[in-house]
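To keep things clear, I will list the structure first and then write my remarks on it.
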Amino acid sequence: MATVFTIVTPVFALIVLGYSAGRFGWIGRDAAKGLTDFTFTIAVPAMLFRAMAKTELPATGVQDIWLAFFGAAIVVWGLSTLATRWLIGRPALDAPSISMSASFGNVVMLGIPLSLSAFGPTAAAPAALIVALHSPLLWLLATAHMAVARSGDAAAGAWWSLLKGLVLDLSRNVIILAILAGLCWRATGLELLPVIAKLVGLLAQAGVPCALMALGLSLVGFEIKGQSGTLALILVLKLVAMPAIAALLAAGVFGLAPVSAGVVILFAAMPTGANAYLFASRSNRAANSASGAVALSTVLSAATASAIIYVLK
């Protein structure tokens with residue numbers, strides 16, 4: 127248990143520090159935005175580029191890592207869709223936002239730091255592989271789900287326009303581009319020039335602490351609100367069901383190597399990511415529930431992630 131404490135405490139301490147800095151005005155809004163911009167346009171992309179360019183890729187099939195993680199996400203998405211209608215009695219139009227909240231985890235801000243802390247540098251490659259498809263696939267699934275839920279030519283046309291905008295945004299996503307660039311550099315078989323490697327390494331070292339501080343700062347803007355039944359559903363699916371299903375797929379079905387399986391399971395256990403709230407706000411459906419899920423699941427994940435790391439270690 128002491129090992130788990132050593133792994134988890136510094137990670138969540140930085141989140142608390144970031145939250146406190148934002149809540150008490152130690153870091154202003156402009157500075158917080160600057161830190162977040164630096165984190166996700168420079169530091170984290172540098173970290174992921176280095177991971178894909180240098181870190182040994184998992185010996186097991188890359189597709190098995192994707193199938194284990196996204197298979198769990200899709201199962202949870204389906205369960206959430208059914209439960210939204212038949213268990214908590216919310217409209218079908220709320221299902222895409224609620225399902226997104228139950229499936230979309232904070233894998234960049236929290237998943238990467240925790241996996242590196244728990245499993246070491248070898249976790250970087252499987253983590254980057256999941257991150258590469260995480261936003262594109264789940265945003266596309268949410269967009270398609272909402273189009274079906276709304277039906278009708280006008281709604282379908284509006285969501286087709288949103289889909290095209292999403293594809294354009296993803297094509298300019300610095301994190302995705304950094305992962306692709308790292309894979310391309312790996313394919314050349316060349317080493318980075320020492321001065322470039324040193325520069326990338328220094329930026330990469332800033333990725334984890336900056337991401338955790340940025341996560342804490344971002345939580346200041348989220349409120350725990352929304353129907354208690356909806357929040358309970360999202361929390362159970364996101365923090366309990368999804369990692370359990372991921373464990374079954376990663377270890378039982380695909381037989382992933384320990385580190386790859388650990389990353390898949392830990393990533394599946396991550397709290398609801400802010401993109402779920404962004405989607406709910408854009409669609410104007412279940413935004414309060416998504417906001418509450420982001421805040422409350424992040425707080426609870428300190429306990430659930432610790433328990434999962436304890437089992438995995």
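Residue numbers (the working numbering): 127 to 439.
Built from N, CA and C at the ideal position, the CB exists for glycine as well.
Everything numeric in this text was worked out from a predicted model, so none of it was measured.
When the five nearest sequence neighbours on each side are left out, no beta carbon in the same chain lies closer than 8 Å to the beta carbon of A370.
In the DSSP assignment, G231 forms a beta bridge with T398. Of the residues R155, T162, A253, the one whose Cα lies closest to the Cα of F175 is A253. In the same chain as L422, and ignoring 5 residues on each side of it, the C-beta atoms closer than 7 Å to its own belong to I350, L357, L361, in chain order. Here G144 carries a helix assignment [DSSP, helix/strand/coil]. A distance below 8 Å separates the beta carbons of A194 and V390. Sorting I435, L426, T398, V170 by C-alpha distance to the C-alpha of S225 places T398 at the top. Counting the other Cβ atoms within 10 Å of the Cβ of P239 gives 16 or more, which makes it buried. Ranked by Cα distance from F230, the options V300, F405, G333 are led by F405. DSSP places L426 inside the alpha helix (DSSP H), whose first and last residues are 413 to 438. If you look at L213, you'll find it isn't in any alpha helix (DSSP H); DSSP assigns it neither H nor E. It is roughly 15 Å from the alpha-carbon of W311 to the alpha-carbon of P320. Ranked by Cα distance from P222, the options L365, L266, L426, P171 are led by L266. Judged by DSSP in its simplified three-state form, L208 adopts helix. Per the coordinates, the alpha-carbon of G204 lies some 23 Å from the alpha-carbon of T430. Distance from the CA atom of G333 to the CA atom of W212, rounded to whole angstroms, is 42 Å.
Straight across, the Cα-Cα distance linking V425 with L341 is about 12 Å. Here DSSP, grouped into helix, strand and coil, assigns A383 to coil. Shown here, Q353 sits in coil according to DSSP, grouped into three states, outside any helix or strand. For the 8 Å CB-CB criterion, L329 and I168 form a contact. For T162, the enclosing alpha helix (DSSP H) stretches over residues 155 to 164.
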